[in-house]
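One structure is given below, encoded as C-alpha cells.
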Amino acid sequence: MGWFALSLLAGLFFASSRVVARLVLRRAGNPLAFVAIHDFLSGLVLLPFLFISFSLPTKNETWLFFLGIVVFAFLTDWLAFTALRAIDVSMYNIICQIRHILILFGGLLIFQETITFYKVIAIILIITGVAIALYEKTKFKFDKGIFFTLLSTFFAIIAFLFAKQTVTDFDEVTVASLELILVGILGFSLLGFQPSKLVSEIKIQKWGLIIAGILFGGFEVLLFMALKIGEASRVIPVTQSSLLFALLAGILLLNERSRLLQKIFGSIIIALGIALMYLL
Numbered sequence: 006m007g008w009f010a011l012s013l014l015a016g017l018f019f020a021s022s023r024v025v026a027r028l029v030l031r032r033a034g035n036p037l038a039f040v041a042i043h044d045f046l047s048g049l050v051l052l053p054f055l056f057i058s059f060s061l062p063t064k065n066e067t068w069l070f071f072l073g074i075v076v077f078a079f080l081t082d083w084l085a086f087t088a089l090r091a092i093d094v095s096m097y098n099i100i101c102q103i104r105h106i107l108i109l110f111g112g113l114l115i116f117q118e119t120i121t122f123y124k125v126i127a128i129i130l131i132i133t134g135v136a137i138a139l140y141e142k143t144k145f146k147f148d149k150g151i152f153f154t155l156l157s158t159f160f161a162i163i164a165f166l167f168a169k170q171t172v173t174d175f176d177e178v179t180v181a182s183l184e185l186i187l188v189g190i191l192g193f194s195l196l197g198f199q200p201s202k203l204v205s206e207i208k209i210q211k212w213g214l215i216i217a218g219i220l221f222g223g224f225e226v227l228l229f230m231a232l233k234i235g236e237a238s239r240v241i242p243v244t245q246s247s248l249l250f251a252l253l254a255g256i257l258l259l260n261e262r263s264r265l266l267q268k269i270f271g272s273i274i275i276a277l278g279i280a281l282m283y284l285l
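Right under this line is the structure:
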C-alpha cells in the first residue's frame, strides 16, 4: 500500500476518533487525565500486533528521536485538549492549518524534501478549503485557547519530524504502541499517580473515551507507515482528508446541516489540494 492510501486511511481513523469524541465526550473533564487514559488505551490496543512485527532500532540515536516523539506528542495532545475547552472546534482546526507550512520547511531543512510549485499550490488549496468550510462570523480574539492551539500545532510538527526519522530504523507498530503507552504513563505521573482522577475521568467520558482511543491508535500506526515511505511534506497535508470525513460524518450522522453549501464548497477545494499533492 502506498503512502497516499495510508495517509487517507490515517485521515479516516483520525476523523472517526474525533467524531466519537464530539458525540459523547464532555467538557467537564480533566484534559491531563483524558490524555493519560486516551493515549494509554490507544497503545494497549496495538500490543497484540507487536508479535507480528516487533523489532528494535539498530542505532542508539534512534532512541533519542523516539523519546522526542513521546515528549512532544504528550505536549501536543495535552495542549490540544486544553485549547478545545477554550475555543470552538472550527477555530481550532483553522489555526492548525499552519502545520502544513511548518512541515513544508521542516521537510526541506531536515530531510531535503523539495519544495515544488505544485506542492505549494496544493497546500494553499487545502488551507483555503479548510478556512472556507469551517469559517463562522466570530470576533477573533487572541486568548489562551489560541495560544495553546499554536503551541500544540508547533509541537505536533516536531513530533512528526521525529517520527519520520525514527521509523527509518524502528518498526512503526512498535513505535506507535510504546509511544502511546509512555505518553499515557507520563500523563498519569503528572497527575501524581492518583488513580481516583483517572476513575473520575472515565466516569465522565465513559465509553467514548475508550472507543476514541482505539481509533486513535489505528491513526498513529497508519500515519507512521505513511511517513516511512512518503515525504513528510506530502503525508501530513494529505491526512487533512480527516476533515473531509469529519464533515461528511457530521452531515450524515450528526445532522449538522448549517452552512451546508459552504462546507461542500470548502470540501471540494480541500479534495482538489489533496489530489494535486498526489498527482503532481
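When we follow the numbering used here, the leftmost residue of the sequence shown carries the number 6, and every step to the right adds one. Built from N, CA and C at the ideal position, the CB exists for glycine as well. Owing to the predicted nature of the structure, the values given are computational and were not obtained by experimental measurement.
Length of the line joining the Cα atoms of residue i and residue j
{"i": "M282", "j": "Y140", "result": "24 Å"}
{"i": "S47", "j": "F79", "result": "13 Å"}
{"i": "S205", "j": "T154", "result": "26 Å"}
{"i": "G7", "j": "S201", "result": "44 Å"}
{"i": "G249", "j": "A138", "result": "It is Leu, not Gly, that sits at residue 249 in the sequence shown. Near 10 Å, if we compare the C-alpha coordinates of A138 and L249."}
{"i": "N35", "j": "A41", "result": "10 Å"}
{"i": "F165", "j": "I74", "result": "8 Å"}
{"i": "S95", "j": "G150", "result": "12 Å"}
{"i": "G271", "j": "F152", "result": "25 Å"}
{"i": "I190", "j": "F45", "result": "7 Å"}
{"i": "E236", "j": "L203", "result": "38 Å"}
{"i": "P242", "j": "A276", "result": "11 Å"}
{"i": "A15", "j": "L220", "result": "10 Å"}
{"i": "L156", "j": "F86", "result": "12 Å"}
{"i": "V135", "j": "W68", "result": "36 Å"}
{"i": "K169", "j": "L113", "result": "13 Å"}
{"i": "G213", "j": "S12", "result": "24 Å"}
{"i": "V125", "j": "L284", "result": "13 Å"}
{"i": "T121", "j": "F9", "result": "18 Å"}
{"i": "L252", "j": "K142", "result": "19 Å"}
{"i": "V188", "j": "K268", "result": "35 Å"}
{"i": "F70", "j": "P62", "result": "11 Å"}
{"i": "F39", "j": "F116", "result": "34 Å"}
{"i": "D148", "j": "I215", "result": "31 Å"}
{"i": "E66", "j": "I57", "result": "25 Å"}
{"i": "L258", "j": "Y97", "result": "22 Å"}
Coil, strand or helix - residue i by DSSP
{"i": "I279", "result": "helix"}
{"i": "G48", "result": "helix"}
{"i": "P53", "result": "helix"}
{"i": "R104", "result": "helix"}
{"i": "P62", "result": "coil"}
{"i": "E3", "result": "Since the first residue shown for the chain is 6 and the last is 285, residue 3 is missing from the structure and cannot be characterised."}
{"i": "M96", "result": "helix"}
{"i": "M6", "result": "coil"}
{"i": "A91", "result": "coil"}
{"i": "S263", "result": "coil"}
{"i": "T133", "result": "helix"}
{"i": "I120", "result": "coil"}
{"i": "T244", "result": "coil"}
{"i": "G73", "result": "helix"}
{"i": "G235", "result": "coil"}
{"i": "L258", "result": "coil"}
{"i": "L80", "result": "helix"}
{"i": "L285", "result": "coil"}
Close Cβ partners of residue i (< 7 Å) along its chain, the five nearest in sequence each way excluded
{"i": "W162", "result": "The sequence given here places Ile at residue 162; Trp does not occur at that position. R104, L107, I108 and G111, listed in sequence order."}
{"i": "L37", "result": "W83, G192, L195 and L196"}
{"i": "T133", "result": "I274"}
{"i": "E177", "result": "V226, F229, M230 and K233"}
{"i": "G255", "result": "E261"}
{"i": "A217", "result": "S22, V25, A26 and H43"}
{"i": "F59", "result": "D176 and T179"}
{"i": "L55", "result": "V178, T179 and S182"}
Neighbourhood of residue i by C-beta, 6 Å cutoff - its chain only, sequence neighbours within 5 removed
{"i": "R239", "result": "M282"}
{"i": "I100", "result": "T154"}
{"i": "F160", "result": "F77, L80 and T81"}
{"i": "G222", "result": "S47, V50 and L51"}
{"i": "I131", "result": "P242, Q245, I275 and G278"}
{"i": "A127", "result": "G278, L281 and M282"}
{"i": "F224", "result": "A15, F18 and F19"}
Residue i: CB within 8 Å of a non-hydrogen atom of the ligand GTP
{"i": "I108", "result": "Absent from the structure shown: the ligand GTP. Ligands present: none."}
Beta-carbon proximity list for residue i, same chain, < 8 Å, skipping 5 on both sides
{"i": "L265", "result": "I256"}
{"i": "T119", "result": "L113"}
Practice problem: Could you pull out every unbroken alpha helix (DSSP H) segment of at least 4 residues lying fully inside the stretch 140-223, listed in chain order? | Solution: 149-171, 177-195 and 200-210
Quiz item: Do the stretch 219-233 and the stretch 85-104 touch if we need at least three Cβ pairs shorter than 8 Å?
Solution: No: the two stretches stay apart, fewer than three of their Cβ pairs being nearer than 8 Å.
Quiz item: With a cut-off of 8 Å, do at least 3 Cβ pairs link the stretch 173-188 to the stretch 91-110?
Solution: no
Quiz item: Is the stretch 8-25 close to the stretch 189-202, with three or more CB pairs under 8 Å?
Solution: no
Quiz item: Using 8 Å as the threshold, is the stretch 177-190 in touch with the stretch 68-82, meaning 3 or more CB pairs across them?
Solution: yes
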